[in-house]
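Remember, this note's numbering sits 931 above the position in the sequence shown when you count from 1.
By construction, the Cβ of each residue, glycine as well, lies at the ideal position given by its N, Cα and C atoms.
The structure displayed is predicted, hence computed values, not measured ones.
Report on the following structure.
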Amino acid sequence: MTEIIKTLPVTKSPSELVVEGYASQKPSDQLVDHILPTNISEPLKGLSSIFYINMDRSTERETHMQSLFQNPVFQHTEITRIAAIDGTKKDWDNYLEFYQCSQHPRMMDSEYGCTISHFRAIHYAAMTDDPYSLILEDDASIEFLPYWKKSIQQLVDDAPPDWEILQLSYILFDTLPEEEYETWEMSKNFCGTAAYIIKNSAAKRLTQYLCRNSSPAMPRYCIGPEVPYYHHADRFLYAFLKTYSYHCPFFTYREQNDSYIHPEHVDFHSESKEKTKKLYLRLLEPTVPVVPKTP
932 MTEIIKTLPV TKSPSELVVE GYASQKPSDQ LVDHILPTNI SEPLKGLSSI FYINMDRSTE
992 RETHMQSLFQ NPVFQHTEIT RIAAIDGTKK DWDNYLEFYQ CSQHPRMMDS EYGCTISHFR
1052 AIHYAAMTDD PYSLILEDDA SIEFLPYWKK SIQQLVDDAP PDWEILQLSY ILFDTLPEEE
1112 YETWEMSKNF CGTAAYIIKN SAAKRLTQYL CRNSSPAMPR YCIGPEVPYY HHADRFLYAF
1172 LKTYSYHCPF FTYREQNDSY IHPEHVDFHS ESKEKTKKLY LRLLEPTVPV VPKTP
């Protein structure tokens, strides 16, 4: 199994807290200039475990995540770092095999490394007794936290009963979510695995499938032909497990972001963040009361 590092967040008082991500934004881009924060109490209520994925060489991103976890909302949640597979080492195939399918010719080593890293995080989630866990990538931002309308517990309680994954961050292109819990489909192109909640039973089911040809203690994950898409982490996971995309993503990407897999996609992250802000404005914008006409 992969090395894991238990992390205890350093707590700051609310007066010390600066909402991460705002400092580098222009004032006109801040949601606070347009809508009032909801500031719900206990936004992470119901969440016991977080697994975040980070490569050993990504020390700056590790620093970013440790700063993120200083937010007081994380103080009652166990946080575990998962050492990610570094696709540049060209050894990802030591951790993955194919059955009745083959490596996709259009996928890069770094993309397979990302997929295996998510398998690892989910594997560890499966070994907990927690009803669900949050999986994060190491460029996640919580700048939308003050505008959440629901806690994690409420989000889960209100979700369709057949959910296995709730996608809480995704890149928006042309299609916008129409339902509060939008059924994930390839055609909608809600891309990304920056943040999602996975049900424990789903994590166990996926892990059992991936480890069917090896020992869970020394896994060599096995992908079969069941998912007729590329083996990208998002496409595989969301097609294999019943996934809903929440209509107003809880998490987004950090400011001044980079990418080890697709540097050319960083602009999409920024554009998608602006579209997500518009979703928040649409959902939280105060309504103007209608004054009845005098007869």
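Straight-line measurement puts the Cα of Tyr-1026 at about 28 Å from the Cα of His-995. A straight-line Cα-Cα distance of about 11 Å links Asn-1002 and Glu-1074. Inter-residue distance for Lys-1209 and Leu-1103 is about 11 Å (C-alpha atoms, whole angstroms).
Residue Arg-1012 holds the alpha-carbon nearest to the alpha-carbon of Thr-990 among Asn-970, Arg-1012, Glu-1042 and Tyr-1030. Per DSSP, the beta bridge partners of Ile-981 are Ile-1010 and Leu-1065.
Relative to Glu-1068, the option among Ala-1126, Ser-1118, Glu-1095 and Asp-1105 whose CA is nearest is Ala-1126.
Shown here, Tyr-1152 sits in a strand according to DSSP, grouped into three states. Per DSSP, Thr-1174 lies in no alpha helix (DSSP H); the unbroken beta strand (DSSP E) holding it starts and ends at 1174 to 1177.
When only Cα atoms are considered, Asp-987 and Pro-1108 end up about 35 Å apart.
In this structure, DSSP gives Lys-1135 a helical state, which the three-state scheme calls helix. When beta bridges are read from the DSSP output, Thr-1114 appears opposite Tyr-1175.
Under the three-state reduction of DSSP output, Phe-1005 falls in the helix class. The stretch 1027 to 1044 makes no contact with the stretch 1084 to 1091; the number of CB pairs closer than 8 Å stays below 3. Straight across, the Cα-Cα distance linking Tyr-1055 with Ser-1118 is about 30 Å.
By the criterion of a C-beta distance shorter than 8 Å, Ala-1134 is surrounded in its chain by Ile-1053, His-1054, Ala-1056, Ala-1057 and Ser-1064, once the five residues flanking it on both sides are discounted. Note: Lys-1130 is bridge-paired with Tyr-1063 in the DSSP secondary-structure output. For Glu-1028, the uninterrupted beta strand (DSSP E) run begins and ends at 1027 to 1029, by DSSP. Put simply, the backbone Cα of Glu-1111 is about 18 Å away from that of Ile-971.
Looking from the CA of Leu-1086, the closest CA among Gly-977, Gln-961, Cys-1032 and Pro-968 belongs to Gly-977. In this chain, the alpha helix (DSSP H) harbouring Ile-1047 covers 1040 to 1057.
Taken atom to atom, the span from the alpha-carbon of Leu-1097 to that of Tyr-1175 is near 5 Å. DSSP places Thr-969 in the coil class of the three-state scheme, outside both helix and strand.
If you ignore the 5 residues before and after Glu-1095, its C-beta comes within less than 6 Å of the C-beta of Lys-1130, Ala-1133, Leu-1172 and Lys-1173, all in its own chain and listed in chain order. Under the 10 Å beta carbon count, Leu-1214 is surrounded by fewer than 16 other beta carbons and is classified as exposed. Closest in alpha carbon position to Phe-982, among Ser-1048, Asp-964, Glu-1205 and Tyr-1043, is Ser-1048. Asp-1105 and Glu-1113 have their C-alpha atoms spaced approximately 15 Å apart. For Leu-999, the uninterrupted alpha helix (DSSP H) run begins and ends at 990 to 999, by DSSP.
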